[in-house]
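See structure below.
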Amino acid sequence: MTHPYIPNAEPAVRAEMLAAIGVESVEDFYADIPAALRLNRPLDLPAPITSEHELVRHMGALLGRNTDTTEALSFLGGGCYPHHVPAVCDEVNSRGEFLTAYAGEPYEDHGRFQAIFEYVSMMAELLEMDVVNVPTYDGFQASGTALRMAARYTGRRTVLVTAAIGADKLSKLHDFLAPDIEITMIPVTETGEAAAFTVDDTVAAVYLEYPNAYGVVETRMAEIAELAHARGALLVVSADPIALGVLAPPATLGADIVCGDIQSLGMHQSYGGGHAGYIATRDEPRLVAEFPSRLFGIAPTAVPGEYGFGDVFYDRTSFALREEGKEWVGTAASLWGITAGVYLALMGPEGMRELGETVLARTRYAMDELGAVPGVRVLHPEGVHFREFAVEVGDADALLTALRAHDIFAGVRLDAGTLLVCVTERHSKDDIDTLVRAVREVRG
Amino acid sequence: MSATVESFAKLPIEAKPPLRRFHQARWDEPIIFELSSPGRRGIGVPEAGVPAVELPAAVRRQAPPALPEMSQLHVLRHYVRLSQETLGVDVNIAVGQGTCTMKYSPKVNDRFVSDTRIAELHPAQPEDSVQGVLEIYWRMERMLAEISGLHRVSLQPNSGSAAIYTNIAMIRAYHASRGEGEQRDQVITTMFSHPSNAACAKLAGYEVITLMPDAEGHPDIEALRAAVGPRTAALMITNPEDTGIYNPRIAEFVELVHGVGGLACYDQANANGILGITRAAEAGFDLCHFNLHKTFSTPHMCGGPAAGASGVAEKLVPFLPGPTVEFDGERYFLDADRPQSIGKVRPYLGVTQNVVRAYAWIMALGAEGLRQVAETAVLNNNYLQHKILQIRGASAPWGRRRLEQVRYSWEELYEETGVHSEDIGVRAADFGVHYWTSHHPYLVPEPFTLEPTESYSKEDLDEYAAILAHVAEEARTDPEFVKGAPYNSTVHKIDPTCLDDPEQWAPTWRAYVRKHLS
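Chains as they are written, first to last, in my numbering: chain A, 217 to 660; chain B, -7 to 510.
Have a look at this one:
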């Protein structure tokens, strides 16, 4: 059988093409590869499954060994969140035109440019900032790049980073900011917020998360912005945009660069495959110059009344300037940007507010109920929480294992005694009560 | 059919013009904010059902965000129209985007990732609940290790460029572990290696040395001899390069770098022409990377999410990003206890959907199929080259020996007509195909880069070549017409000057409203 994915593997076509070119065999094309470098045996790979039906069965057997979060009751968050994904989001991002398009040019892919421009524009409204990038890989990368942007902008080499940050993200920052940028941690108080700290003239940026890794909302951000600005440092804030229907946008509290992950806005958890990062600034040319990512803008065309699109300020990217560009740019996460745009358009201002209110209320309810279980202590009971909270439970592994037997994934393990519990609009009051009952039971 | 209807057309039906009478969808879609009407909603949200929480004034949003307010059908219709104004592989002969390996992404593989048993998996689930997905990661790693000949492979990087950065980070950690981190402060790359090699090395703190091509179109080995020394950390090189030319002395390049204690890192973003034919290991490389969205078929998704794979020889295994996926003969598990690891390069394990798709693609092909992919990609490229070089005004610098792609030149045509390569590409869009020039700087004058992969038929290649031949002929007879293109696109010729002017540029709708509508 000629393989269904390889039309010109058909022998007669192949022969016809070789004859047209005037060579004997395909081997002639490989004349430049020396014999010593040739692999003189077939690759040692599993036997192919060339019928689609058998491939579906093979994959079905593998997938059957997973238990997903529609089967178990999951309170896992920690950077990857189980929000409801509207059907229209899936419909749009599985359209073949979008799914299989390259990062193309403004004419043949006008629709792609417009969809991404609309995504950044809706993010800009949510953030109240004028410049938002075409998505980078994920929130980790967005934070790393935002901090590097601040360092380039200020010409300084130290960043103060909240200790209320996930361990994995901090690991990424250490690798990405090496070798030239030094990270100093800002401790966290008993409320779960950043402790008092000082800023000196070497500091490029103060970095906060909103909500932070404990689900706590920093309430002193405006004060911290003043502290940073007084010494010429920038305030960089990683914010989950899903909270901004109810939380004040960081820019209105003084943030200079806002960044984060958009997985919450219409992407499935997909075992960590739904991430994409955003970075936003005000429209200040010197700050815009520090973006490594592409920026799309409206441009006029030869026909009055027609919107065209193109790259804003391209000559700062590595595509244009190789190593003289800012960091690097390449294929990142555009389709998730388009999807997040669909999400925001579906939700509108009211939907974002309602969702935020539901999540705030259910988070507080879960904190109160779980905190009332003997042997469970909410870590920052006084803090304002959105979607997540940390609880001390004694032996975290024992509790997780016991609840696993109830088909409950109770939370992300922060350390031997602490869990991070996540509650979204997908968790009904009954779901939360089920968790609380199960904890009481296994603790009883 | 009523007998009273008179015939107005004749059989047999005459052939249409030789080229497709394409016209891109033109819906004149407003910007989404212009579709908004107060009070409309696209989706409902669960009510809290528990007491509300009052936020402190300091963090309470004051004004609602000015997001569009639309009904569900109207959101859907807007985006479906925008999708129609986009040319994916599913609708065009995507051979014009050289270096990017645009190929068919099998539809069945998309089903696996929309299955809840992938889509609704949280990455921090207990290991016993994710044995299937861990097995896919593990098997995929073993297959890529075999395809590269290297020891282990990390599937964590988000893309090819992220894999390049991951490789650089491992190189840096390796030299630091040997006390040579300070001394080895240079990375060598070549002009026809992807720009991310140079850009990532610079970002990681290295001085970048770029080798230019010699008279044969190969990176200059004498320049490499002059460049290597005790300061060399690594060579970052693509082969075949973006010209499609395979460097036959690649093993010597690697030896020269090894001779001074440097590492050799192979950019195999696009390995499509050499699968099963030659590997990183045979040429002596210490590291390599693949792009799953190029060689291994995962869709490009308008520019990601993608997925990269970083392969390493045994001595670099301790530096791999963690956690790694391990198998003890009975169960799959994560190993995060890796003290020399460079750490995380992204959240959790990787872009799982693309790992799953690429795994299914390799499983559908096997060893023989992968070799057939490579041979057919190379055959297709040489066939297309044969057709393109028959077009007057097109040339391929450095002769015809090419593997999977060719960087061509319209220099002759430009000199004759004043029509630039970019203009040709815009006009080609009028016939429903993509076309790309090259990365900067344009070392090849008036460049264009075609890469036909294994997915396209002979008829597709004939059609693509016929389109370019037609446009070249138009350039000769009416250059101004070509320069005025497009005519059959969604929009007309764009004036880009505002995009570089801070007073005028509008990277978001709110900036546009502020600068141009107020």
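Every residue gets a Cβ at the ideal spot worked out from N, C-alpha and C, and that includes glycine.
Three or more Cβ pairs drawn from the stretch 288 to 301 of chain B and the stretch 540 to 552 of chain A lie within less than 8 Å of each other, which places the two stretches in contact. When rounded, the separation of the alpha-carbon atoms in B:Val67 and B:Ile24 is 8 Å.
In its chain, beyond the 5 residues on either side, Gly557 and Leu560 have a beta carbon closer than 6 Å to the beta carbon of A:Met338. For B:Glu318, the enclosing beta strand (DSSP E) covers residues Thr316 to Phe319. Listed along chain B are Pro48, Ala50 and Val51, each with a C-beta nearer than 7 Å to that of A:Thr435.
Excluding sequence positions up to five before and after B:Pro437, its CB lies within less than 7 Å of the CB of Ser401 and Glu403, all in the same chain and listed in chain order.
In this structure the stretch 462 to 474 of chain A lies against the stretch 46 to 59 of chain B, because at least three pairs of beta carbons, one per stretch, are closer than 8 Å. In this structure, A:Gly572 sits near A:Ala459, with a CB-CB distance shorter than 8 Å. In the structure shown, B:Pro310 falls within a helical segment according to DSSP collapsed to helix, strand and coil.
Between the beta-carbon of B:Val42 and that of A:Val433 there is about 18 Å, and that puts the pair past the 8 Å contact cut. Annotated three-state conformation of B:Cys192 is helix, per DSSP. Note: A:Thr378 is bridge-paired with A:Ile402 in the DSSP secondary-structure output.
Comparing alpha carbon positions, the residue from A:Ala231, A:Pro223, A:Leu615 and A:His643 closest to A:Gly660 is A:Leu615. Of all residues in the stretch 121 to 150 of chain B, the ones placed with a Cβ closer than 7 Å to any Cβ belonging to chain A are Ser121, Val122, Gln123, Gly124, Val125, Glu127, Ile128, Met135, Glu138, Ile139 and Asn150, in chain order.
Among the residues facing chain A, B:Glu274 is included, as its CB has a counterpart in that chain under 8 Å away. What B:Asn372 touches in chain A, judged by beta-carbon distance under 9 Å, is Asn224 and Met233, going in chain order. Selection B:Asn101, B:Pro9, B:Arg69 and B:Ile213 evaluated against B:Asp20 yields B:Arg69 as nearest (Cα-Cα). Between the stretch 498 to 507 of chain A and the stretch 374 to 390 of chain A, the count of Cβ pairs shorter than 8 Å is below three; the stretches do not touch. Using a CB distance cut-off of 8 Å, A:Gly660 does not count as an interface residue toward chain B.
Annotation: the continuous beta strand (DSSP E) that includes A:Leu635 extends over Thr634 to Cys638.
In the DSSP secondary-structure assignment, B:Tyr258 is bridged to B:Ile229 and B:Cys280. The distance from the Cβ of A:Pro264 to that of B:Gly358 is about 3 Å, consistent with a contact at the 8 Å cut-off. Contact annotation for B:Phe440 against chain A: no contact, minimum CB-CB distance about 12 Å [criterion: below 9 Å]. Taking C-beta separations shorter than 6 Å and ignoring five residues to either side along the sequence, the partners of A:Ala582 in its chain run Val639 and Ile648, following chain order.
Ranked by Cα distance from B:Phe184, the first of B:Thr235, B:Tyr157, B:Glu414 and B:Thr224 is B:Thr235. Chain B places no beta carbon closer than 8 Å to that of A:Asp649, leaving this residue out of the contacts. Only Ser534, Phe535, Ala536, Arg538, Glu539, Gly541, Glu543, Trp544, Gly546, Thr547, Ala548, Ala549, Ser550, Leu551, Trp552, Ile554, Val558, Leu560, Ala561, Leu562, Met563 and Gly564 from the stretch 532 to 564 of chain A bring a Cβ to less than 7 Å from some Cβ of chain B. Contact of B:Gln89 with chain A by beta-carbon distance below 8 Å involves Tyr318 and Gly320.
Take the alpha-carbon of A:Leu424 and the one of A:Val452: they are about 7 Å apart. Residue nearest to B:Gly410 within the set B:Asp278, B:Ala467 and B:Tyr71 is B:Ala467 (criterion: CA-CA distance).
Relative to the Cα of A:Leu376, the nearest Cα in the group A:Met483, A:Ala362, A:Ala420 and A:Glu406 belongs to A:Ala420. With a contact defined as Cβ atoms closer than 8 Å, A:Val609 and A:Gly633 qualify at about 7 Å. For B:Pro56, at least one C-beta of chain A is nearer than 8 Å to its own C-beta.
In this structure, B:Leu442 lies near B:Gly88, with their beta-carbon atoms less than 8 Å apart. Fewer than three Cβ pairs drawn from the stretch 154 to 169 of chain B and the stretch 346 to 365 of chain B lie within less than 8 Å of each other, which leaves the two stretches out of contact. Contiguous alpha helix (DSSP H) elements confined to the stretch 491 to 527 of chain A occur at 501 to 504, taking only those with 4 or more residues.
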